[in-house]
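Numbering (UniProt numbering), first residue to last: 1 to 247.
One structure is given here, and the rest of the page talks about it.
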Amino acid sequence: MGKKPAEAASRAAVNKEGEDMEEVELLNSELHATLRMRPTNEGRDPFVRIVVGEFAAAAAACPLLFSKHAETGAFYAGALMGFKRGECLIDSPDGRPAFRPLEADREGFFALGESIAFDPAHDRFAGREGESLFDAQGAPTASLKAVQNALGRLMAGAADTDAFIAEMLAHRLIEPIDISLNFDDGERLRLDGLYTISLDALGDLDDATVLKLFRAGHMQSAYAMIGSLRHIALMARRRNERLAVPA
């Protein structure tokens, strides 16, 4: 038998930026009344995309850097939360990450026009464990509202982030950064493909340009990125401290 009309209509294809086309389903309170969402994947990439609205909170916890989309070559901003996949080196004293990116809340979900879609093949939706997305009346639960909020803020912040990056490129302020680390267990790590703001180039800007960037909020974002680099050494020290603890 073919799919029910409502189910067929709920399927669509979206292009996840920098990734292949994936088949997703539009979220529907009737079709997905029993769908549950597990916590975000702990094995995700430690470099997580963020928007400028997250810079202040992120810069207090971890390094903010640029990278390039593998397919388009376009720059995007991200927070470095560890040095290897699945690693988080920004834990607060209570053991939870000191910064939670919006991408972590929206993982597995996508904005499709005015609707929310999800990838049914994503690990977050495997099995019957996790938190419900809809309550008994079909209304969004707090968990789904968090996803809605994250998607909304990411969409709202995308244009501002693109504008910031465009200005940094226009004034040739973006430069590669060399991150090479040696750890107490003998492991050496080199993080390639990352970029930062050049403090020297920033200091060479004329007054009119500085004022223009300041009024647009771009100077604040640039200095947040530069100041956040101090966390690289702190994260490396934290990693060495963990290595010293017997497994």
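For glycine and all other residues, C-beta sits at the position ideal for the given N, C-alpha and C.
Contacting residues, own chain, Cβ-Cβ under 6 Å from residue i (five flanking each side not counted)
i	result
S180	R190
L35	L133
F164	V52, H218 and S221
E103	V48 and R49
S115	L26
residue 260	With the chain running from 1 to 247 in the structure shown, residue 260 is simply not present.
M235	L89
E87	P46
Residue i versus residue j: straight-line alpha-carbon distance, rounded
i	j	result
S92	A244	19 Å
Y76	G108	20 Å
Q130	S67	Per the sequence shown, the amino acid found at residue 130 is Gly instead of Gln. Spanning the two alpha carbons is a distance of roughly 32 Å.
P97	E54	15 Å
R242	G82	13 Å
T40	L144	13 Å
G2	S221	Unreliable positioning characterises G2 in this predicted model, as indicated by a pLDDT of 40, which lies under 50. The coordinate reading is nonetheless provided below. Computed Cα separation, rounded: 52 Å.
A158	A111	13 Å
T72	N240	36 Å
H171	F47	25 Å
T141	A33	11 Å
A233	E187	16 Å
L64	N182	21 Å
L154	R100	13 Å
R128	A136	17 Å
L205	G113	40 Å
Cutoff 7 Å; reference residue i; Cβ partners in own chain excluding five residues on either side
i	result
M219	V210 and L213
G193	S67 and K68
L202	L173 and A222
L80	P46, F47, C62, P63 and L65
Residues of its chain near residue i, where Cβ-Cβ distance is below 8 Å and the 5 sequence neighbours each way are ignored
i	result
L169	F75
F125	L35, R36, M37, R38, G108, F118 and D119
D45	R85
Where residue i falls: helix, strand or coil (DSSP)
i	result
E131	strand
K68	strand
M81	coil
E54	helix
I232	helix
L213	helix
residue 248	No answer is possible for residue 248: it lies beyond the span of the chain, which begins at 1 and ends at 247.
V245	coil
A38	Sequence check: residue 38 is Arg here, not Ala. It is coil, neither helix nor strand.
R49	strand
Check: residue i C-beta below 7 Å from any heavy atom of the ligand ATP
i	result
S132	Absence of the ligand ATP from the depicted structure is noted, as is the absence of any ligand whatsoever, leaving it without description.
CB contact below 8 Å: residue i versus chain D
i	result
E167	The structure shown contains no chain D, having only a single protein chain.
What ranges does the beta strand (DSSP E) occupy inside the segment 154-208, keeping only unbroken runs of at least 3 residues that lie completely in it? Runs of the beta strand (DSSP E) inside the segment 154-208: 174-176, 179-182, 188-191 and 195-197.
Three-pair Cβ contact test at 8 Å for the segment 189-204 versus the segment 166-176: Counting C-beta pairs with one atom in each stretch, the segment 189-204 and the segment 166-176 have three or more that are closer than 8 Å, which means they touch.
Can we say the segment 217-235 touches the segment 40-59, given the rule of at least three CB pairs closer than 8 Å? These segments touch.
Quick one: any contact between the segment 144-151 and the segment 44-54, if contact means 3 or more CB pairs under 8 Å? Contact fails: fewer than three Cβ-Cβ distances are below 8 Å.
Inside the segment 86-116 only - alpha helix (DSSP H) runs reaching at least 4 residues: Counting only runs of at least 4 residues, the segment 86-116 fully encloses the following alpha helix (DSSP H) elements, listed from N- to C-terminal order: 102-106.
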